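Visitor:
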Amino acid sequence: MEWGQGLRDSVRLAFHFCAYYNKFMDTRRLITRRNLIITSLFLLIIILIWINLLIPVQQPPTPNPSPEVINKQGDTILFENNDFQIVWLAQSNSYTISILSSPFAEIRSQAEQKLGEVLNKSPQDLCLFNVTVTTPNFANPDEAGNEYGLSFCDQTTPKPSMTINPNLTPLSVISVYPAGGEVEIGETTNSVFIDFNQPIDITSAVVLIEPNVEAMPRAHPRISGQLIIVPQSNWLPDTTYRATVKAGLLSKDRKFQLKENVVVEYQVKQVPFPDYPDDH
Numbered sequence: 005m006e007w008g009q010g011l012r013d014s015v016r017l018a019f020h021f022c023a024y025y026n027k028f029m030d031t032r033r034l035i036t037r038r039n040l041i042i043t044s045l046f047l048l049i050i051i052l053i054w055i056n057l058l059i060p061v062q063q064p065p066t067p068n069p070s071p072e073v074i075n076k077q078g079d080t081i082l083f084e085n086n087d088f089q090i091v092w093l094a095q096s097n098s099y100t101i102s103i104l105s106s107p108f109a110e111i112r113s114q115a116e117q118k119l120g121e122v123l124n125k126s127p128q129d130l131c132l133f134n135v136t137v138t139t140p141n142f143a144n145p146d147e148a149g150n151e152y153g154l155s156f157c158d159q160t161t162p163k164p165s166m167t168i169n170p171n172l173t174p175l176s177v178i179s180v181y182p183a184g185g186e187v188e189i190g191e192t193t194n195s196v197f198i199d200f201n202q203p204i205d206i207t208s209a210v211v212l213i214e215p216n217v218e219a220m221p222r223a224h225p226r227i228s229g230q231l232i233i234v235p236q237s238n239w240l241p242d243t244t245y246r247a248t249v250k251a252g253l254l255s256k257d258r259k260f261q262l263k264e265n266v267v268v269e270y271q272v273k274q275v276p277f278p279d280y281p282d283d284h
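When we follow our numbering, the leftmost residue of the sequence shown carries the number 5, and every step to the right adds one.
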């Protein structure tokens, strides 16, 4: 009986040991699983923070970028988009509006409104500033080559006046064709070609042909320093004309400026007809 009782006690003890061992193992597995979950979440948070630091935050595009100084003179782009650009010229304390698309009148109005917003000025106040409006040939060929004021200040167009900046290097003339004097171009619309020592900014060119010939400035497609004065009507024979490039013409880099008017005088003669032999 004692032997049987000892066997039962041993079996009972082994059973209890196995029960406690199973509970210990279950607890161990539970703790390991919990630790694994916590550790995984912690690592995930660290990875997300790291990714957020590495990837730059993309700001939404703004229609009114901050002013940008574009050269050593301090000229500053106040606003620009695909339709127009507003620049403050530091040395002359003036503003230029470049109309880069069409229709000219509509985009000009938008640009003038934007200038008022940028400067926080009323239209009446803007009229006290030196503001010029220009447009390149590719955008508005009919208006290109002229300088305009603000539409609500002065309705007279074009406005052929340029501020002469004494700090800019003089722009020099290399050659003029025809050179002047008597020229046989009567009843034609032959152009006048003027070469300068620097590539020119055609949007700053103001040209005249007097008397009574409307003229347009054009840039040579390959010779960057050549200005072409294109008459819009025929030269009349036996007439004296003056072709003028107004002072203020700028180089493309805006480091050179024409300080005085370039004036070429022509005594226009009729183009001679070829002398054909009489047929017999």
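The C-beta atom is built at its ideal place from N, Cα and C for all residues, glycine as well.
What you are looking at is a predicted structure, and each value in this text was computed from that prediction instead of being measured.
Do valine 267 and valine 177 have their beta-carbon atoms positioned less than 7 Å apart in this structure?
Guide: The residue given as residue 177 occupies position 173 in the sequence shown. The residue given as residue 267 occupies position 263 in the sequence shown. For valine 177 and valine 267, no; Cβs fall outside 7 Å.
Visitor: Do the CB positions of glutamine 202 and leucine 175 come within less than 7 Å of each other?
Guide: Mapped onto the sequence shown, residue 202 falls at position 198. Mapped onto the sequence shown, residue 175 falls at position 171. Yes.
Visitor: Mind checking who leucine 254 pairs with in its DSSP beta bridge?
Guide: Within the sequence shown, the letter at position 250 stands for residue 254. Leucine 254 pairs with Gln261.
Visitor: Among the residues of its own chain, which have a CB less than 6 Å from the CB of glutamine 271, if the five just before and after it don't count?
Guide: If you number the sequence shown from 1, residue 271 lands on position 267. Within the same chain, glutamine 271 has close Cβ partners Glu186, Thr244.
Visitor: Over what stretch of residues does the alpha helix (DSSP H) that includes valine 122 continue unbroken?
Guide: The sequence position of residue 122 within the sequence shown is 118, counting from 1. Start and end: 108-123.
Visitor: Can you give the beta carbon distance from isoleucine 204 to leucine 240, rounded, assuming they're within the 8 Å contact cut?
Guide: Counted from its first residue, the sequence shown places residue 204 at position 200. Counted from its first residue, the sequence shown places residue 240 at position 236. Isoleucine 204 to leucine 240, Cβ: 29 Å. No contact.
Visitor: Run the CB neighbour count on lysine 118, radius 10 Å, all protein chains shown included, and call it buried at 16 or more, exposed below.
Guide: The sequence position of residue 118 within the sequence shown is 114, counting from 1. Burial call: buried.
Visitor: Valine 180 and valine 211 - do their beta-carbons sit closer together than 7 Å?
Guide: Translated into the one-based positions of the sequence shown, residue 211 becomes position 207. Translated into the one-based positions of the sequence shown, residue 180 becomes position 176. Result no, Cβ atoms of valine 211 and valine 180 do not sit closer than 7 Å.
Visitor: Can you check whether the CB of serine 195 is closer than 7 Å to the CB of asparagine 144?
Guide: Indexing the sequence shown from 1 puts residue 144 at position 140. Indexing the sequence shown from 1 puts residue 195 at position 191. Their beta carbons are not under 7 Å apart, which means asparagine 144 does not touch serine 195 by this criterion.
Visitor: Where does phenylalanine 142 land, buried or exposed, given buried means 16+ other C-beta within 10 angstroms?
Guide: Within the sequence shown, residue 142 is the residue found at index 138, counting from 1. So phenylalanine 142 ends up on the exposed side.
Visitor: State yes or no: is the beta carbon of proline 170 nearer than 7 Å to at least one beta carbon in chain B?
Guide: The structure shown has no chain B; it contains just one protein chain.
Visitor: I need the DSSP call for serine 237, collapsed to helix, strand or coil.
Guide: As a working mapping, residue 237 is identified with position 233 in the sequence shown. Serine 237 falls in the coil class under three-state DSSP.
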